[in-house]
Amino acid sequence: MASVLKDTGEIWTRLFNHRPFIRGEVIFLLREFQDTRDDRDVLQLLKILKYSTDLGQNQLNQIEQLRDYQLSSLKANIDVAFSMCSCVLEKDKLGISNKLQQNRQIRKDAWEKFINDINKKFIIADRGLQNKTKDLKKFYFNLQKKL
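Numbering-wise, the UniProt record's numbering puts 52 at position 52 of the sequence shown, and it's gapless, one number per residue.
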């Protein structure tokens, strides 16, 4: 019976205990993955190194020359734009002050005309009132004489 149990345990282990096999497969997959991954990483690093040395050796001088040329022309363009803006601003200030002076003069003239018109109307109204007052005084004076 002991041998039967031992044989049954052995059969059970062979059929249902897959740990050694799975462990071997996992280790194999890890090695394969690490090898391919390392190769890919090394290739990427070599590409980056090649690109950076190419930039450093060949294109850095070109970039510096273009930078110097473009920055000097950009500075010149900005100086021209600044001077143009300053001229426009000065003209605008002068134009605004002239326009303000003209508008003030127009308002002043209109105000003086309004005041003169009002004064003339007051004078006419005062004369009319004085005439009416004289007429009424005469009328009442004549009325008193008649009484």
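Ideal placement from N, C-alpha and C gives every residue a C-beta, glycine not left out.
query                                                                                                                                                 : result
At what residue ranges does the stretch 3–67 contain a whole run of the alpha helix (DSSP H), taking only runs of 4 or more?                          : 19–54
Using DSSP with H/G/I as helix, E/B as strand and the rest coil, what is MET1?                                                                        : coil
Would you report the Cα separation of residue 149 and ARG40, rounded to the nearest angstrom?                                                         : Residue numbering for the chain in the displayed model covers 1 to 147; residue 149 lies beyond these limits and cannot be assessed.
Verify the CB distance criterion: does LYS50 have a CB-CB separation below 8 Å to chain D?                                                            : Among the chains in the structure shown there is no chain D, since it carries only a single protein chain.
Return the CA-CA distance between LYS138 and ILE115, expressed in angstroms with no decimal places.                                                   : 34 Å
Who are the near neighbours of PHE28 in its chain, counting only those whose CB is closer than 6 Å to its CB and skipping five residues on each side? : none
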